[in-house]
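Engineer:
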Amino acid sequence: MLHQKLFFKDLLDHSSGKSRLSQKIEAKMMPRLLQIINQDDPVDSVSISASLRLNDQLNPSIYGEIKTDLSLRCQRCLGPLEWNETIEYSIDFIRQSDTQASQENMDCISISDEGIVLLDLLEDEILTSIPMSIMHKNIELCENIDKLSMFLGSSDEKTANKNKPFSDLSEIMGKDGN
């Protein structure tokens, strides 16, 4: 059901029956998520548990949690970084033609005649939960710490050996040699 294109009527039918689903999916099944995970790690997975029900306005809604086990890339050292997170979500659906309900409820998704794929929607939930610049908590945990310190050290040496044409002038004037 996660991979199928569902229309408003389908969501309404599943919600009336209070459908539940639980599925473990490999991260490579989510194309946008695949672009940001460390593709060297084959165990990246996402566990989805979802329940469909009718909300107070008798419109379909989905709620549940997503458990992620992903290997992302540290933005400091570019090494692998395990990201395990539990994301809770609750989403209401309305027909696109029902504009009055969309004005009342800001936390809803309107379903057009083209339908919706629930997996794409849940992939959005994961992508919005990932930090923009994810890094190891301490610099000591970074995998390439030796390369990082060599890079930082070499840039310090370059500034120390930089030609200072007015250093003699500052000594003559009796000021500090900066």
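Numbering-wise, the sequence shown is residues 0 to 177 according to numbering that gives the first Met the number 0. Don't be surprised by glycine CBs; every beta carbon is placed ideally from N, CA and C. In this text the structure is predicted, and so the values were computed from the model without any measurement.
Under 8 Å between the Cβ atoms of E64 and T85?
Structural biologist: Against a cut-off of 8 Å, the Cβ pair of T85 and E64 comes out as a contact.
Engineer: Could you check the C-alpha separation between S14 and S60 for me, to the nearest Å?
Structural biologist: Going by the C-alpha atoms only, they are around 7 Å apart.
Engineer: Are the beta-carbon atoms belonging to M0 and L32 less than 8 Å from one another?
Structural biologist: No, these two residues do not count as a Cβ contact at 8 Å.
Engineer: Between D91 and L77, what straight-line distance do the alpha-carbon atoms span, to the nearest angstrom?
Structural biologist: Those two C-alpha atoms are separated by around 38 Å.
Engineer: Would you grab the beta carbon distance between V116 and K4 for me? Rounded to a whole angstrom, and I think it's under 8 Å.
Structural biologist: Rounded, the Cβ-Cβ distance is 5 Å, consistent with contact.
Engineer: Can you tell me the Cβ-Cβ gap for I35 and L80, rounded? I've got them flagged as a contact below 8 Å.
Structural biologist: Not quite, the Cβ-Cβ distance comes to about 11 Å (not below 8 Å), so this is no contact.
Engineer: Whole angstroms is fine: what's the gap from E25's alpha carbon to T67's?
Structural biologist: Going from the Cα of E25 to the Cα of T67 covers about 10 Å.
Engineer: Are the beta-carbon atoms belonging to L118 and H2 less than 8 Å from one another?
Structural biologist: Yes. Within cutoff.
Engineer: Using a Cβ-Cβ cutoff of less than 7 Å, which residues in the same chain neighbour D106 once the five nearest sequence positions on both sides are dropped?
Structural biologist: D91.
Engineer: What separation, rounded to the nearest whole angstrom, lies between the Cα atoms of S169 and K163?
Structural biologist: The straight-line gap from Cα to Cα measures roughly 10 Å.
Engineer: Evaluate F7 with the Cβ neighbour count: other Cβ atoms within 10 Å of its Cβ, from every protein chain shown; 16 or more gives buried, anything less gives exposed.
Structural biologist: With 16 or more Cβ atoms within 10 Å of its Cβ, F7 is classed as buried.
Engineer: Taking a contact to mean a Cβ-Cβ separation below 8 Å, would you say L10 touches L57 in this structure?
Structural biologist: No, these two residues do not count as a Cβ contact at 8 Å.
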